[in-house]
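Following: one structure in C-alpha cells, then a few remarks.
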Amino acid sequence: MNEQTKYRLRDEVKVRKEKFGGLVYDHKDGKLQFIHSHLIMCFLENDGTYSVQEMAEKIAPGKIKGNAMEFIMKSLTDLHKGGVIHEV
Amino acid sequence: MKYEWLLEGLTAPICVTWEVTFACNLSCEHCLSASGKRKPDELTYEEAKAMIDDLAAMGVCYINIGGGEPLMRPDFLELVEYAGEKGLPVQFSTNGTLITEKMAKRIAAIPHVRVQVSIDGATEEVNDSIRGKGSFAGALRAVELLSKENIELSVNMVATRSNFDQIEDLYQIVRGHGAKFRVARLRPSGRGIDSYHYLHLTPEQNIQLYQWVKAHPDVTTGDSYFILSALGEPIPGLNVCGASRATCCITPTGNVYPCAFLINDDCMVGNIREKPLSQMWIDAPLFEKFRTTRVKACLGCPSYNDCGGGCHAVSYHLTGDLFEKDPECLISYRKTKRKEVTV
C-alpha cells in the first residue's frame with residue numbers, strides 16, 4: 001500500500017466505534033481486533049472511493065503528514081496484511 | 089490496569105450469550121443452567137426474532153447460543169437462519185446427539201455459523217460418567233457429520249478431576265477431525281454448585297493445565313481461565329472478565345444477567361419482554377456496578393493486571409460476594425505453599 005492506494009473494508013469485516021477507538025470483527029473467521037486509535041477508525045470509513053492521501057485530506061485537511069502519515073500507513077498496511085482491508 | 093479501557097464497558101456487547109431453551113436430552117453433572125425441562129414461558133419465535141433485531145441494531149458482533157440443548161427447540165435453526173439474514177454470526181454449543189446428516193447440511197448453508205460440540209473426556213467411560221450414557225458416541229458422530237460439511241467446528245471440554253488426565257488424548261482426537269479444541273473452566277453454577285466441590289481442578293492441576301495450554305497455542309480457553317494468566321506469560325485471549333463490559337446473558341425466558349454463570353435472582357438485570365437489551369446495556373445499575381467496581385483484595389497484587397481478579401461468578405457462588413478475589417487464585421495458593429515450606 002502507498003498513499004495513492006484506494007482501499008476499503010473487506011465485505012465480511014464490520015467495525016464499531018468505541019471510546020478507546022473501536023472494534024474490528026471479521027465475520028468469516030471470528031477474529032476480533034481492538035483498534036486503539038480514533039484516527040485509524042476514521043480511515044476505516046473509506047468505501048473505496050478515496051486513496052489514503054485523499055482520506056487524510058477529508059479527515060484533517062493539511063494536518064496529516066510526517067510522523068502522523070507514517071503511523072497511518074503502517075497501521076493500514078498491517079490491516080491490509082491481516083485481511084481487514086483490501087485495495088480497490 | 090491493562091484492560092482499563094474495557095472495564096469501563098463498551099457501547100454494546102461484543103457477544104451476547106443466549107440460552108435458547110432449558111430443555112435438554114442429557115443431564116450433565118456440571119450443567120451451568122441445571123437444564124432438563126423446557127419452561128412454559130420461554131421466548132416465542134416472534135419474541136426471539138425481535139431480540140435478534142435489537143442485537144443486530146446494537147452492533148453486537150456475534151451471538152453465542154447455548155442452553156439446554158439448542159436443538160431441542162423446534163424452531164432453533166430457523167432462528168439461526170434469521171440471525172444470518174440480519175448479518176449476525178452465530179456460534180452455538182450442542183451436545184451433538186441430535187445432529188443428523190440432513191441437519192448438518194442445513195447448518196452448512198447458513199453464513200458464518202460456528203458450532204461447538206461438548207465432549208468431556210477422551211473415552212466413553214469418562215465422558216459418559218459426566219454427561220450421560222451414549223453422549224460420547226453421539227457427540228463424536230456429530231463431529232464427523234459437521235466436519236464432513238466443512239462447518240467451522242470446535243470441541244469444548246470442561247476440565248474436571250475426572251477428565252484431567254485425558255486432555256491431551258481428547259485434543260488429539262479433536263485435531264484428527266480438523267476441529268479446534270477449547271478447554272473451559274468448571275464454575276459452581278447450576279448443577280455445578282454441587283459437583284464443583286468434587287470435580288474442580290486442584291491448584292496443582294491448574295498449574296499443570298497452564299503449562300499444557302502454553303505448549304498448545306492453538307487451544308483456546310473460552311476466555312474463562314483468567315486465573316492461569318497470573319502464573320506468568322498470559323494465555324491467549326482476553327484475560328479479564330467481560331461480564332457486563334463486553335458480554336451478557338439472556339435466558340430462555342428473556343431474563344438478562346451479566347453472564348451465563350450468574351443466573352441468580354440477585355444478579356438479574358431485567359427482562360427483554362419489558363425493556364430491550366439495548367436500553368438495559370446503557371442504564372442497568374448492575375451492569376454499571378461491574379464496570380466501576382474493582383476487586384479490592386487484589387489491588388496490591390502484581391498479577392492483578394494479568395487476571396483482573398479472576399472469575400466473578402466463581403467468587404459469587406463460593407463467597408457470596410461478586411467482587412471478592414477468585415477463591416481459586418493460584419498466586420494465593422503459591423504463597424500459602426511457600427509459607428508451609430518455610431514453617
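Taken in order, these protein sequences are the chains called A and B. The first sequence begins at 1 in my numbering and counts up one residue at a time. The second sequence begins at 89 in my numbering and counts up one residue at a time. Glycine included, C-beta positions come from ideal geometry on N, C-alpha and C. If you're wondering where the values come from, they're calculated on a predicted model, not measured in any experiment.
Under a Cβ-count criterion, where at least 16 other Cβ atoms within 10 Å of its own Cβ denotes burial, should residue i be classed as buried or exposed?
i, result
"B:L287", "buried"
"B:L71", "With chain B covering only 89 through 431, there is no way to say anything about residue 71 of chain B."
"B:K413", "buried"
"B:E292", "exposed"
"B:R202", "buried"
"B:Q254", "buried"
"B:M416", "The sequence given here has Glu at residue 416 of chain B, not Met. B:E416 comes out buried."
"B:G83", "Limits of chain B in this structure are 89 at one end and 431 at the other, which puts residue 83 of chain B out of reach."
So which residues on chain B does residue i lean against when the C-beta distance must stay under 8 Å?
i, result
"A:K28", "H200"
"A:L39", "Within chain B, no residue comes near A:L39; the closest Cβ sits about 16 Å away, beyond 8 Å."
Could you pull the start and end residues of the beta strand (DSSP E) that residue i belongs to?
i, result
"A:S51", "47–51"
"B:V344", "343–345"
"B:F164", "Not the beta strand (DSSP E): B:F164 falls in the alpha helix (DSSP H), residues 164–173."
"A:D26", "21–26"
"B:T335", "335–338"
"B:G154", "150–154"
"B:L241", "240–247"
"B:L410", "Careful: B:L410 lies outside any beta strand (DSSP E) and carries neither H nor E."
"B:Q204", "201–206"
"B:A230", "Element bounds for B:A230: not the beta strand (DSSP E) but the alpha helix (DSSP H), 223–236."
"B:S181", "178–182"
"A:Q33", "32–35"
Which whole-angstrom value describes the C-beta separation of residue i and residue j, a residue pair presumed to lie in contact below a C-beta threshold of 8 Å?
i, j, result
"B:W369", "B:A100", "6 Å"
"B:L410", "B:S403", "6 Å"
"B:S217", "B:S250", "6 Å"
"B:I338", "B:V104", "6 Å"
"A:G97", "A:R8", "In this structure chain A extends from 1 to 88, so residue 97 of chain A is not present and cannot be described."
"B:N244", "B:S181", "7 Å"
"B:G154", "B:A348", "7 Å"
"B:L131", "B:T424", "The pair is not a contact, with the Cβ atoms about 46 Å apart (cut-off 8 Å)."
"A:I85", "A:R10", "7 Å"
"B:L176", "B:V214", "Not a contact, Cβ separation roughly 36 Å."
"B:G320", "B:T308", "No, B:G320 and B:T308 are not in contact; Cβ-Cβ is about 18 Å, not under 8 Å."
Starting from the beta carbon of residue i, find every residue of chain A whose beta carbon is closer than 9 Å, and list them in chain order.
i, result
"B:P373", "Near B:P373 there are no residues of chain A at all, since even the closest Cβ is about 20 Å away, more than 9 Å."
"B:W93", "E18, K19, F20, G21, F34, H36"
Do residue i and residue j have their C-beta atoms closer together than 7 Å?
i, j, result
"B:D257", "B:A210", "yes"
"B:S115", "B:G220", "yes"
"A:H92", "A:E45", "Since the first and last residues shown for chain A are 1 and 88, residue 92 of chain A lies out of range."
"B:R161", "B:V108", "yes"
"B:P322", "B:D394", "yes"
"A:V15", "A:G21", "no"
So which residues on chain B does residue i lean against when the C-beta distance must stay under 7 Å?
i, result
"A:E18", "L98, T99"
What residues of chain A sit near residue i, judged by a beta carbon separation below 7 Å?
i, result
"B:G147", "R16"
"B:Y259", "Per Cβ cutoff of 7 Å: no residues; B:Y259 is ~20 Å from chain A at best."
Which bits of chain A does residue i rub up against, with CB to CB less than 8 Å?
i, result
"B:W369", "Here the premise fails: no neighbours, minimum Cβ distance about 13 Å."
"B:I102", "L23, Y25, L32"
"B:P177", "H27, G30"
Over the uninterrupted alpha helix (DSSP H) stretch that includes residue i, give me the two end residues.
i, result
"A:I40", "38–43"
"B:K190", "189–196"
"B:L94", "92–95"
Please confirm whether residue i has its beta-carbon closer than 7 Å to some beta-carbon of chain C.
i, result
"B:T407", "As a matter of chain content, chain C is missing from the structure shown, whose protein chains are A and B."
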